[in-house]
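So the sequence shown is numbered by full-length UniProt numbering: it starts at 1 and just counts up by one.
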Amino acid sequence: MKARVPENIRSIVPYPPGKPIEELEREYGVKNPIKLASNENAWGSSPKAIEAIGEALTNLHRYPDGSNYYLVQAIAEKVGFAPNEVVVGNGSDDIIEFLVKAYVEPGDEVITSHPSFLMYQKVVQVRGGVNIVFPLKGMHHDLDAMLEAVTDKTRLIFLDNPNNPTATAINPGALYAFLSKVPETVIVVLDEAYRDFMDPELQVDMYSLIHNSKERCGVVALRTFSKAYGLAGIRVGYGLMSAEIAGYLHRVRQPFNVNQLAQVAAIAALNDTEFYQKTLDGTRAGMEWLQKKVETLGCTSYPSQTNFFLIDVKGDATALYEAMLRTGVIIRSMKAYGYTNVIRVTVGTTEENYRFFHSLKNCLQELGYVS
Ligand SMILES: *Cc1c(COP(=O)(O)O)cnc(C)c1O
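#1: Starting from the N-terminal end, write out each residue whose C-beta falls within a distance shorter than 5 Å of any non-hydrogen atom of ligand 1.
#2: Can you tell me whether Val124 is buried or exposed, with buried defined as 16 or more other CB within 10 angstroms of its CB?
#3: Using a threshold of 8 Å, state whether the C-beta atoms of Cys363 and Met324 are closer than that.
#4: Runs of 4 residues minimum, wholly inside the segment 306 to 364: which ones carry the alpha helix (DSSP H) assignment?
#5: Rounded C-beta distance between Val88 and Val258? I'm assuming under 8 Å.
#6: Got a sec? Which residues, its chain only, sit under 6 Å from Ser304 by beta carbon, not counting five neighbours each side?
#7: In whole angstroms, what is the alpha-carbon distance linking Leu240 and Arg326?
#8: Find the nearest neighbour of Leu297 within the set Phe356, Thr58, Pro115 and Lys122, judged by alpha-carbon distance.
#9: In chain order, which alpha helix (DSSP H) runs of at least 4 residues are fully inside the segment 75 to 148?
#10: Need the endpoints of the alpha helix (DSSP H) that Thr283 sits in, please.
#11: Just verifying my parser: in three-state terms, what is the DSSP assignment at Thr58?
#12: Please go through the same chain and pick out, in chain order, the residues whose beta-carbon is closer than 7 Å to the beta-carbon of Tyr103, but skip the five residues on each side of it.
#13: Hey, how far is the Cα of Ile12 from the Cα of Asp93?
#14: Using the rule of at least 16 other Cβ atoms within 10 Å of the residue's Cβ for burial, across every protein chain shown, is Asp152 buried or exposed?
#15: Determine the DSSP secondary structure at Leu222, reduced to helix, strand or coil.
#16: Can you tell me whether Met119 is buried or exposed? The criterion is at least 16 other CB atoms within 10 Å of its CB, across all chains shown.
#17: Which residues in the same chain have their Cβ closer than 6 Å to the Cβ of Leu159, if we skip the five residues on either side of it in sequence?
#18: DSSP three-state label for Ser301, please.
#19: Rounded to whole angstroms, how far is the Cβ of Ile95 from the Cβ of Gly237, which I believe are closer than 8 Å?
#20: Whose C-alpha, out of Tyr69, Glu109 and Phe197, is nearest the C-alpha of Val126?
#21: Counting C-beta neighbours from all protein chains within 10 Å, is the total for Gly91 16 or more, i.e. buried, or is it exposed?
#22: Taking 7 Å as the cut-off, does the CB of Thr185 come closer than this to any heavy atom belonging to ligand 2?
#23: Looking only at DSSP bridge pairs, what is Thr154 linked to?
#24: Does the segment 269 to 282 come into contact with the segment 35 to 54, if we say contact requires no fewer than three beta-carbon pairs (one atom in each stretch) closer than 8 Å?
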């Protein structure tokens with residue numbers, strides 16, 4: 001075989017797949033490992049969504065509704081946008097791809113931060129675009145540096161707000177000032193995967209940002225059902241944007257990009273305010289408990305606007321990650337991101353948080369990180 005692979009594809013570092021939990025059980029001989037590594041919903045999924053999926057199972061021989069009619073309608077009503085300003089995707093990852101496919105040609109520039117969500121850079125590279133990447137400044141997006149880097153080749157700026165993995169949110173005043181200076185030829189994408197968990201005072205008015213873009217950049221908001229709505233496994237997210245941008249995204253998407261079960265599950269989840277509130281309350285309580293408890297161990301916890309947070313464990317984070325893995329607790333080491341002594345943990349259920357705390361305590365002692 002002599003098939004030629006373009007350089008932009010050859011140089012992509014594949015997304016490191018985590019092992020299935022069942023494999024970890026076998027390999028490490030641990031019982032019931034808990035996963036606090038992917039910012040998923042600790043309380044499962046909305047029971048109403050599960051019921052809706054059950055009812056839809058008799059219809060799997062049919063193609064899904066390619067216009068996502070009822071889901072778009074439900075989202076539009078919930079967020080106060082017009083249906084033609086809502087685009088749904090197979091996860092919000094899908095919308096990131098549509099944006100890059102629609103707006104980026106080989107050689108065009110896209111501005112992002114590092115560390116932030118890795119998908120942005122990857123899809124740009126697949127498209128042959130050029131990633132212009134700025135290190136975070138004090139764990140926040142460096143908006144001044146980004147603004148200065150805008151050229152006539154810049155097409156998109158990706159900002160996850162709050163940022164993953166640092167859990168920091170952009171100061172709304174600073175964001176408005178930034179947006180007022182970005183040229184009209186650029187689209188700023190605000191990825192609000194964790195908006196639900198934010199302090200309401202830090203949540204920006206997306207309606208006015210998207211509808212008042214005369215003589216400045218366009219704005220797109222990304223939202224997901226993977227976190228607060230507990231549907232990461234079925235893949236559904238959406239974007240809010242002008243009808244004009246939405247029209248271009250529809251041109252590049254597959255006709256049936258959101259499966260039938262995802263559509264009914266998302267509608268049911270949107271209407272399940274009880275499950276949603278339980279998630280927010282449980283996350284807040286769990287976050288408070290965990291942040292206090294880890295401080296008693298001599299660690300430092302960083303403030304969070306999400307359902308996860310960073311902890312300075314005062315020693316090599318990857319060694320700690322491995323030690324905790326052997327106790328059946330899965331977290332993330334931030335060492336590869338340049339934070340040598342920092343781990344990231346997702347808030348779990350009360351029981352999971354308790355197990356996490358005890359594993360952390362024992363492993364810190366075993367490794368001699370704290371006296
Ligand atoms: C989890 C997450 C998402 C969600 O992606 P989906 O494809 O909707 O599951 C998007 N952006 C960020 C920053 C995230 O952390």
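Glycine is no exception: its CB is placed at the ideal position from the N, C-alpha and C atoms.
Straight from the coordinates:
#1: Gly91, Ser92, Asp93, Phe117, Asp160, Asn164, Asp191, Ala193, Thr224, Ser226 and Gly237
#2: By 1-based counting over the sequence shown, the position of residue 124 is 124. Buried, since its Cβ has 16 or more Cβ neighbours within 10 Å.
#3: By 1-based counting over the sequence shown, the position of residue 363 is 363. By 1-based counting over the sequence shown, the position of residue 324 is 324. In this structure, the beta-carbon distance from Cys363 to Met324 falls below 8 Å.
#4: 317 to 326
#5: What you label residue 88 is simply residue 88 of the sequence shown in a count that begins at 1. What you label residue 258 is simply residue 258 of the sequence shown in a count that begins at 1. Yes, Val88 and Val258 are in contact; Cβ-Cβ is about 5 Å, under 8 Å.
#6: Working through the sequence shown from its first residue, we reach residue 304 at position 304. Closer than 6 Å at Cβ, skipping near neighbours: Ala167.
#7: Numbered from its first residue, the sequence shown carries residue 240 at position 240. Numbered from its first residue, the sequence shown carries residue 326 at position 326. Roughly 42 Å separates the two Cα atoms.
#8: For the purposes of this step, residue 297 is identified with residue 297 of the sequence shown, where counting begins at 1. Here the closest residue by C-alpha is Phe356.
#9: Within the segment 75 to 148, the complete alpha helix (DSSP H) runs of at least 4 residues are 92 to 103 and 119 to 127.
#10: The sequence position of residue 283 within the sequence shown is 283, counting from 1. From DSSP, the alpha helix (DSSP H) with Thr283 extends over Thr273 to Thr296.
#11: Taking the sequence shown and counting its residues from 1, one reaches residue 58 at position 58. Thr58: helix per DSSP, three-state reduction.
#12: The residue labelled residue 103 in the question sits at position 103 within the sequence shown. Only Arg155, Leu156 and Ile187 meet the Cβ criterion.
#13: If you number the sequence shown from 1, residue 12 lands on position 12. If you number the sequence shown from 1, residue 93 lands on position 93. Each residue's alpha carbon lies about 17 Å from the other.
#14: Here the question's residue 152 lines up with position 152 in the sequence shown. Looking at its Cβ environment, which holds fewer than 16 other Cβ atoms inside 10 Å, Asp152 is exposed.
#15: Numbered from 1 along the sequence shown, position 222 holds the residue referred to as residue 222. Reduced to three states, the DSSP call for Leu222 is strand.
#16: Along the sequence shown, read from residue 1 onward, the residue named residue 119 stands at position 119. Counting Cβ neighbours within 10 Å, Met119 comes out buried, since at least 16 surround it.
#17: By 1-based counting over the sequence shown, the position of residue 159 is 159. Only His141 and Leu190 meet the Cβ criterion.
#18: Here the question's residue 301 lines up with position 301 in the sequence shown. In this structure, Ser301 counts as strand in the three-state DSSP scheme.
#19: Here residue 95 refers to the residue found at position 95 of the sequence shown. Here residue 237 refers to the residue found at position 237 of the sequence shown. Right, the Cβ-Cβ distance comes to about 6 Å (below 8 Å), so this counts as a contact.
#20: As a position in the sequence shown, residue 126 is number 126, starting the count at 1. It is Glu109.
#21: Here residue 91 corresponds to residue number 91 of the sequence shown, with the count starting at 1. By the 16-neighbour rule on beta-carbons within 10 angstroms, Gly91 is buried.
#22: In terms of ligand content, the structure shown lacks ligand 2 and carries ligand 1 instead.
#23: Translated into the one-based positions of the sequence shown, residue 154 becomes position 154. Answer is Glu109, bridged to Thr154.
#24: Touching, yes, given that three or more Cβ pairs across the two stretches are closer than 8 Å.
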